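Peer 1: Those letters in the sequence shown? Residues 1472 to 1842, by our numbering.
Cβ coordinates follow ideal geometry from the N, Cα and C atoms, glycine included.
Treat the numbers as computed from the prediction; the structure is a model and nothing was measured.
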Amino acid sequence: MASITVQNVSKQYKGGEVQALKDVSFAVQDAEFFCILGPAGAGKTTLIKLIAGIEAVDAGKIMIGDRDVTDRLPMERDVAVAFETYALYPQRTVRQNLAFPLQAPVRRSEWTNEAIETRITEIANLLGIGELLDRYPRQLSGGQRQRVALGRALVRKPKAYLLDEPIAHLDAKLRHRMRGELKRIQLEQGITTIYTTPDQLEALSLADRMVVLNHGKIEQVGTPDEIYKHPANIFVARFVGDPPMNILDASLDGGGISLVGLGRLPATRTSKEILVGLHNSPQVKIGVRPRDLELLDVGAANALCQTEVKHVQVLGETSILTLTVGALELRSRTATFQAPERGATVGLTIDPERFHYFDANTQRNLELFPG
1472 MASITVQNVS
1482 KQYKGGEVQA
1492 LKDVSFAVQD
1502 AEFFCILGPA
1512 GAGKTTLIKL
1522 IAGIEAVDAG
1532 KIMIGDRDVT
1542 DRLPMERDVA
1552 VAFETYALYP
1562 QRTVRQNLAF
1572 PLQAPVRRSE
1582 WTNEAIETRI
1592 TEIANLLGIG
1602 ELLDRYPRQL
1612 SGGQRQRVAL
1622 GRALVRKPKA
1632 YLLDEPIAHL
1642 DAKLRHRMRG
1652 ELKRIQLEQG
1662 ITTIYTTPDQ
1672 LEALSLADRM
1682 VVLNHGKIEQ
1692 VGTPDEIYKH
1702 PANIFVARFV
1712 GDPPMNILDA
1722 SLDGGGISLV
1732 GLGRLPATRT
1742 SKEILVGLHN
1752 SPQVKIGVRP
1762 RDLELLDVGA
1772 ANALCQTEVK
1782 HVQVLGETSI
1792 LTLTVGALEL
1802 RSRTATFQAP
1812 ERGATVGLTI
1822 DPERFHYFDA
1832 NTQRNLELFP
1842 G
């Protein structure tokens, strides 16, 4: 078990044509479950490869514990890796694939044959692949192969687990169960874990802390609660949260907040403080979570405007509404039993105390980065 520090790391491909990572820095604490969240192409897999030593950094430094491992070979780093792409040995059975990490020359003296078999059985039962131990990878489904690849990482007790979208190909029910099992294993064993995912709900539910990565650059580092409640910029605001945050054009003055296409709301203490820092222009972007849009009866005196319900997506107890006000389209989350029907016209209002304020040019959160 050990901390992991990534310091000013950059990585290029194709002779510098592709900048996969740009001056990336973050620190993972000992025994922490740390998620790297980002869309496809953000650089998540590249980061895992660099930490594992599978690829070399172009610039920067990687520390595992108090050791600089930047130029160390993978076997000298004592980390276990699971990739989305399985990377199983086709000529070996599931049992042999799971046993392989424990039979490596550097660990051969640590594990007896009996201990290896016990550990394989434990992990196979955990992942629900106990009946597959004598099959070959070609005889498995994609989801089964992914569980074997994950098991090959979990069978060891290294300084750190590096898990690159390790349950992406599992069905929804099994994926939900495996998230809980992975968190339980990590808590019980206290092994530092870095876990990549494009799924913000997965990151929010698993991470002690997380980093949001976009086009090889870090957008924000923090706890799930910090990142959800105080997104550093518009990219994070829209990427973390389901459905995404609504982003509105607006302008501020001492008496109110004018929302383009919607109407005007009274100023708040926060809006007045932000206005003081806006030296050049009162124009801002305002973010509103879908759950913070309040639907009212048509003609309600306190309605900001009238809106038409364009679409209703029922998700069990909650529903996602697509609302239109002229050319403007908004997303709202509400309890299904309260959801209006498609085509209905309803009143709409928003509590300005729940607004998130972003700079219209830099897109940064004006409460975190004033002025």
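Between Leu1675 and Pro1695, is the Cβ-Cβ spacing less than 8 Å?
Peer 2: Their beta carbons are under 8 Å apart, which means Leu1675 touches Pro1695 by this criterion.
Peer 1: Assuming contact is defined by CB atoms lying nearer than 8 Å, are Ile1449 and Leu1634 in contact in what I supplied?
Peer 2: Outside the shown range of the chain (1472 to 1842) lies residue 1449, about which nothing can therefore be said.
Peer 1: Check whether the Cβ atoms of Lys1520 and Ile1507 lie closer than 8 Å to each other.
Peer 2: Cβ distance not < 8 Å, so Lys1520 and Ile1507 don't count as in contact.
Peer 1: Answer with buried or exposed for Leu1472, where buried requires no fewer than 16 other C-beta atoms within 10 angstroms of its C-beta.
Peer 2: Note that residue 1472 is Met in the sequence shown, not Leu. It counts as exposed.
Peer 1: Near Arg1680, what residues of its chain come up, given a Cβ to Cβ distance below 6 Å and the 5 sequence neighbours on each side ignored?
Peer 2: Excluding positions up to five away in sequence, the list reads Phe1505 and Thr1694.
Peer 1: Per the DSSP calculation, Gly1693 is bridged to which residue(s)?
Peer 2: Answer is Met1681.
Peer 1: Between Leu1736 and Gly1818, how many whole angstroms is the CB-CB distance? I'm expecting something under 8 Å.
Peer 2: About 14 Å separates the two Cβ atoms, so there is no contact after all.
Peer 1: Going by DSSP in three states, Glu1652 sits in which element: helix, strand or coil?
Peer 2: The answer is helix: DSSP assigns Glu1652 an H, G or I state.
Peer 1: For Phe1808, count neighbouring Cβ atoms within 10 angstroms of its own Cβ and tell me buried if that reaches 16, exposed if not.
Peer 2: Under this definition Phe1808 is an exposed residue.
Peer 1: Using the Cα positions of Phe1706 and Glu1690, report the straight-line distance between them to the nearest angstrom.
Peer 2: So the alpha carbons of these two residues sit roughly 8 Å apart.
Peer 1: Measuring only the C-alpha atoms, how far is Gln1617 from Pro1608?
Peer 2: Rounded to the nearest angstrom, the two C-alpha atoms are 10 Å apart.
Peer 1: Out of Leu1518, Thr1833 and Lys1781, state which residue places its alpha-carbon closest to the alpha-carbon of Thr1667.
Peer 2: If we check each option's Cα against that of Thr1667, Leu1518 comes out closest.
Peer 1: Could you give the uninterrupted runs of the beta strand (DSSP E) lying entirely in the region 1493-1518, keeping only those of 3 residues or more?
Peer 2: Fully enclosed beta strand (DSSP E) runs of 3 or longer: 1504-1508.
Peer 1: Quick check: Asn1717 and Pro1761, are their CB atoms within less than 8 Å of each other?
Peer 2: Yes; because the gap between Cβ atoms is below 8 Å, this pair is in contact.
Peer 1: Which residues mark the beginning and the end of the alpha helix (DSSP H) in which Val1540 is found?
Peer 2: Per DSSP, Val1540 belongs to no alpha helix (DSSP H) and is neither H nor E.
Peer 1: Does the contact criterion of 3 or more C-beta pairs under 8 Å hold for the region 1791-1799 versus the region 1774-1783?
Peer 2: At 8 Å Cβ cutoff, the stretches touch.
Peer 1: Considering only the alpha carbon of each residue, which of Val1552, Val1759, Ala1570 and Leu1658 lies closest to Leu1801?
Peer 2: For the residues Val1552, Val1759, Ala1570 and Leu1658, the minimum Cα distance to Leu1801 belongs to Val1759.
Peer 1: Taking Gln1567 as part of the alpha helix (DSSP H), name the residues at either end of that continuous run.
Peer 2: Start and end: Val1565 to Ala1570.
Peer 1: Can the beta-carbon of Ala1551 be found less than 8 Å from the beta-carbon of Pro1629?
Peer 2: Cβ distance < 8 Å, so Ala1551 and Pro1629 count as in contact.
Peer 1: Just mark Val1477 as buried or exposed, buried being the case when its beta carbon has 16 or more other beta carbons within 10 Å.
Peer 2: When all chains shown are included, Val1477 counts as buried.
Peer 1: Tell me whether Leu1653 is buried or exposed, calling it buried when 16 or more other Cβ atoms sit within 10 Å of its Cβ.
Peer 2: Buried.
Peer 1: Quick check on Asn1596: buried or exposed, where buried means 16 or more other Cβ atoms within 10 Å of its Cβ?
Peer 2: When all chains shown are included, Asn1596 counts as exposed.
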